[in-house]
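Under our numbering, think of the first position of the sequence shown as 180, with each following residue one higher. By construction, the Cβ of each residue, glycine as well, lies at the ideal position given by its N, Cα and C atoms. These numbers were taken from a predicted model, which means no experiment stands behind them. Okay, so here's the structure we're looking at.
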Amino acid sequence: MKRRFLLLFFAFAPLLSVAQDTSDDDIAMQYYQQGNFKKAAEILETLFARTKDDAYFGLYFNALLKSKQYQEAEKVTKKLIRQNPASIKYEIALGRIYKEEGQQESAAKTFDQVLSNLPKDEALIRDIANNLYQIEEYDVAIKVFQQGREILGNPQAFTFELLSLYRYKKDKNMLIQEFLNALQTMPQMLPQAQTVLSSVFEGNSDYLNLQNALFKKIQKDPENESFSRLLIWQYLQQQEYEMALRQLIAQDKRTRGDGSAVFENTQVFISNKAYDTAIKAYEYLLSKGKDSPWYLSSRLSMVDARYQALLLGNDDKAEVIVLADQYQAILKEYGRNSKTLFALRKWATIQAYYLHNLEKAEEALETAVTMPGVAPADIAAIKLELGDIYVLTGQPWEAILVYGQVAKDYENQDTGNEAKYRSARLSFFQGNFSYAKSQADVLKASTTQLIANDALNLSLLISDHLESAADTLALKLYASAEFMHFRNNDQLALQKLDSIPLAYPQNSLADDILMAKSRIYIKRGDFSQSAALLKELIDHPQQNIWTDDALFILAGLYEEQLHQPEQAKILYQRLISEFPGSMFTAEARKHFRKLRGDNIES
180 MKRRFLLLFF AFAPLLSVAQ DTSDDDIAMQ YYQQGNFKKA AEILETLFAR
230 TKDDAYFGLY FNALLKSKQY QEAEKVTKKL IRQNPASIKY EIALGRIYKE
280 EGQQESAAKT FDQVLSNLPK DEALIRDIAN NLYQIEEYDV AIKVFQQGRE
330 ILGNPQAFTF ELLSLYRYKK DKNMLIQEFL NALQTMPQML PQAQTVLSSV
380 FEGNSDYLNL QNALFKKIQK DPENESFSRL LIWQYLQQQE YEMALRQLIA
430 QDKRTRGDGS AVFENTQVFI SNKAYDTAIK AYEYLLSKGK DSPWYLSSRL
480 SMVDARYQAL LLGNDDKAEV IVLADQYQAI LKEYGRNSKT LFALRKWATI
530 QAYYLHNLEK AEEALETAVT MPGVAPADIA AIKLELGDIY VLTGQPWEAI
580 LVYGQVAKDY ENQDTGNEAK YRSARLSFFQ GNFSYAKSQA DVLKASTTQL
630 IANDALNLSL LISDHLESAA DTLALKLYAS AEFMHFRNND QLALQKLDSI
680 PLAYPQNSLA DDILMAKSRI YIKRGDFSQS AALLKELIDH PQQNIWTDDA
730 LFILAGLYEE QLHQPEQAKI LYQRLISEFP GSMFTAEARK HFRKLRGDNI
780 ES
């Protein structure tokens, strides 16, 4: 019977031991979570001694450090080092003790010992670096990876780990070097390099460092296209479009390409209004001959780029004539039809507003309205353009007729409301202020925010400046200036605007004059002069109907043309704070977040 009892005891002994460990484990964890690390350490010491489980050692070790039992922790760790001389993790633990105890020199020596004993095993090296990362010894972890490369004889090993560490430490110079090292053999990492670098770079100096590093790499390895592509990207980020184009053309010639990369990047130039650079790009593509896959697209796009440059204020008479001739060549080669309607409409615009051949413009648009195969929406747009031409040729009743046709055909739609607004604007030009205001008041409820805002501004402009006979006369002169601006006679418009305070010193149009002049200078490409006028408008002691408009326009100038992003941020923030109901607030918030460096989709 006694023998049977002993057999049962030995059979259940392991289960009793597990039960004991489980109970002690729960108690130890309870002490640990309560912050009673000294008590937790006593139980965890027993558990580790009994099980030799590294999980218990980790908790025991942390409990000793948290309860500042550094001598005990050192004693235990050194014992484990003697028992396990091949295990570097205990060396790292010892270095951590010295670090937390404030013995920086001893900690450094211990970590140097770790570095001198690295194994020739990629997985173990990665594990060692990970242990160092967990105790926030980032620089030592980096050294482990760097030395690991030498031990393994593989300069590309641990690329992703090093990139993560450099990014975490915001070490931009090393991040650049690591990406360039990776791109030597992994060109597929170029998009990642562009995304990461753009997220950590903070200014021109960072891009300049990248540029210098790329120059050195290209000198050593001129055939590596990844370096050339990254250099092109760098120029684009810095808005150095001419330099970007030079590199694109050089790369295309070197690789004997078909011009695809050049053509794709012209869209970047166009979107950033670098029209002169885009035109040069198209000229290069056209030089490849008619057999080039981009020949026809480049020919048409180049003409459009010249047109956009014209709208931006590049109205040199000789350039305008060349552009008109290019559109005329398209119409001559392909005929006047629905497929060349785009060329006919822009040719008419050039004739009317830049060459002042109103009869040619009128004839072209009247022809376009009757073309077969033209979509109704396009016909409506052409009628609006034709109505504007009638205004310029002194045929107001014809203009009112075509505006009315479009308004009727597109009742309660954006196009119809635009027609009604143009009719109200015509009444304003004519000095028929009461009728213009009544039309504008109807449009203030338009579903299109831009039309509603324009209508509101027109209504307020009229109502705010009819209090006296002098104000009415001043407003008529102002309307005449606006009509000159509409005719693209900006010099005369500016003269009329400047004459208002001289003719009517007590007029109340000062803010409106500033806004009108700022828009003219923007159109002419004189952004500094426009910014000065907008700043004067914003700084007026009392807010006016143009303050939120001025804040948004000036912020845009600082962001895109004057390259002062901090000033742009200040103005966007002010617009968001002071004008939460403005139509510009949502867009201002997007721009502010972008300038702040937020990761946004749009």
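| query | Are the Cβ atoms of GLY327 and PHE339 separated by less than 9 Å? | reply | no
| query | Of the choices ALA503, GLY514, GLY436 and ILE701, whose alpha-carbon is the least far from that of HIS535? | reply | ALA503
| message | Short of 7 Å in beta carbon distance, which residues of its chain neighbour TYR239, apart from the five on each side in sequence? Order them along the chain. | response | ALA220, LEU223, GLU224 and PHE227
| Within 10 angstroms of its Cβ, does LYS395 collect 16 or more other Cβ (buried), or is it exposed? | exposed
| said: Measuring only the C-alpha atoms, how far is TYR600 from ARG753? | reply: 30 Å
| If we ignore side chains and look at the alpha-carbon of each, how far apart do ARG433 and ILE397 end up? | 13 Å
| query | How far does the alpha helix (DSSP H) with SER480 in it reach, from first residue to last? | reply | 474 to 490
| Is the stretch 654 to 669 in contact with the stretch 626 to 634, if contact means three or more CB pairs nearer than 8 Å? | no
| query | Looking only at its own chain, which residues have a Cβ that is under 8 Å from the Cβ of PHE763, when we skip the five neighbours before and after it? | reply | ASP727, ASP728, LEU730, PHE731 and LEU754
| What's the call for HIS770, buried or exposed, on a 16-neighbour Cβ count within 10 Å? | buried
| said: Among the candidates SER202, ASP233, THR230 and LYS245, whose CA atom is the shortest distance from the CA of TYR211? | reply: LYS245
| Can GLY776 be considered in contact with the ligand SAM, in the sense that its beta carbon sits closer than 8 Å to one or more heavy atoms? | The ligand SAM is absent from the structure shown, which contains no ligands of any kind.
| message | Three Cβ pairs or more, each shorter than 8 Å: is that satisfied between the stretch 557 to 571 and the stretch 525 to 532? | response | yes
| said: So, for LEU187: in the same chain, excluding its five sequence neighbours on each side, which residues have a beta-carbon less than 8 Å away from its beta-carbon? | reply: Any reading at LEU187 must be qualified, since the residue scores a pLDDT of 38, below 50, and its modelled position is unreliable; the value itself is stated next. Closer than 8 Å at the Cβ level, and outside the excluded window around LEU187, lies no residue.
| query | How many angstroms separate the CA atom of SER295 from the CA atom of LEU741? | reply | 54 Å
| request: Work out the CA separation of LEU341 and ALA767 for me, nearest whole Å. | output: 38 Å
| query | If you follow the alpha helix (DSSP H) that VAL553 is part of, which residue opens it and which one closes it? | reply | Careful: VAL553 lies outside any alpha helix (DSSP H) and carries neither H nor E.
| field | Cβ shell of THR572 (< 7 Å), same chain only, five flanking positions each side left out | value | LEU537 and GLU541
| query | In three-state terms, what does DSSP make of LEU571? | reply | helix
| query | How big is the Cα-Cα spacing for ASN444 and ALA624? | reply | 41 Å
| Mind checking whether ALA497 and THR456 have CB atoms under 9 Å apart? | no
| What residue does the alpha helix (DSSP H) around SER756 start on, and which one ends it? | 744 to 757
| field | Where ASP593 falls: helix, strand or coil (DSSP) | value | helix
| said: In the DSSP assignment, the alpha helix (DSSP H) including THR651 goes from what residue to what residue? | reply: 648 to 665
| said: The alpha helix (DSSP H) that contains ARG515, what's its start and end? | reply: Here ARG515 belongs to no alpha helix (DSSP H), and DSSP marks it neither H nor E.
| field | For MET422, three-class secondary structure by DSSP | value | helix
| Can you tell me whether VAL134 is buried or exposed, with buried defined as 16 or more other CB within 10 angstroms of its CB? | Examination of residue 134 is not possible in this model, given that the chain is present from 180 through 781 alone.
| message | Going by DSSP, what residue range makes up the alpha helix (DSSP H) through ARG346? | response | 338 to 348
| Looking at C-alpha atoms only, which residue of PRO472, THR364 and ILE355 is the closest neighbour of VAL379? | ILE355
| With a CB to CB cut of under 8 Å and the five nearest residues on each side skipped, what residues in its chain are close to LEU630? | Rather than Leu, the amino acid found at residue 630 in this sequence is Ile. Contacts found: ASP593, ASN596, GLU597, TYR600 and LEU622.
| ILE561 vs LEU580 beta-carbon contact at 9 Å | no
| message | Could you tell me the alpha carbon to alpha carbon distance between ALA198 and SER377, rounded to whole angstroms? | response | Summary for ALA198: the model assigns pLDDT 45, below 50, so the residue's position carries little reliability, and this model does not support an answer.
| DSSP state of ALA503, grouped into three classes? | helix
| Straight-line Cα distance separating TYR235 from LEU195 | Low per-residue confidence applies at LEU195: pLDDT is 38, beneath 50, and the placement is therefore not dependable, though the value from the model is reported in the following sentence. Near 19 Å, if we compare the C-alpha coordinates of TYR235 and LEU195.
| According to the Cβ coordinates, are ASP643 and ILE724 closer than 9 Å? | yes
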